[in-house]
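Colleague:
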Amino acid sequence: MLSTTLYADKETQFSIEENEGRFCLKLSKLFDYDLSIVGQREVFEKLNTILELKLYEEKTYKELEEQLINKELLLEEAQNKIEYLKNRIIFLER
Numbered sequence: 001m002l003s004t005t006l007y008a009d010k011e012t013q014f015s016i017e018e019n020e021g022r023f024c025l026k027l028s029k030l031f032d033y034d035l036s037i038v039g040q041r042e043v044f045e046k047l048n049t050i051l052e053l054k055l056y057e058e059k060t061y062k063e064l065e066e067q068l069i070n071k072e073l074l075l076e077e078a079q080n081k082i083e084y085l086k087n088r089i090i091f092l093e094r
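Sequential numbering from 1 applies to the sequence shown in the working numbering.
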């Protein structure tokens, strides 16, 4: 019996179990959903390859959210500096 388990994050688990040439794919998210699919080896080999790449190469929602927050903070800081410089120019022109 073959068994492989991967984790996308702390809550999302992906596993494949093999038994007599048939495979069972299990996808579960803690407190949210469970999905199980049974199929032949060839299909799951391709699926496993694709999911392994996607799980580790793509950014998670939390990472994207953190990047967005950082960019929003940088934008706000830049806008504040621009406003300060505009006010400074007006002051110096007087």
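Heads up, the beta-carbon is just placed ideally off N, CA and C, and yes, glycines get one too.
Which partner residues of Asp34 appear in the DSSP bridge assignment?
Modeller: In the sequence shown, counting from the first residue as 1, residue 34 sits at position 34. Its beta-bridge partners are Ser28.
Colleague: Taking the CB atoms as reference points, tell me whether Thr5 and Gln13 lie closer together than 8 Å.
Modeller: If you number the sequence shown from 1, residue 5 lands on position 5. If you number the sequence shown from 1, residue 13 lands on position 13. For Thr5 and Gln13, yes; Cβs fall inside 8 Å.
Colleague: When you compare only the Cα positions, how much space is there between Arg88 and Leu74?
Modeller: Here residue 88 corresponds to residue number 88 of the sequence shown, with the count starting at 1. Here residue 74 corresponds to residue number 74 of the sequence shown, with the count starting at 1. One C-alpha to the other measures close to 21 Å.
Colleague: Let me know the secondary structure DSSP gives Glu18 once reduced to three states.
Modeller: The sequence position of residue 18 within the sequence shown is 18, counting from 1. Glu18: strand per DSSP, three-state reduction.
Colleague: Where in the segment 39-92 do unbroken runs of the alpha helix (DSSP H), each at least 4 residues long, occur, reported from the N-terminal end onward?
Modeller: Within the segment 39-92, the complete alpha helix (DSSP H) runs of at least 4 residues are 41-57.
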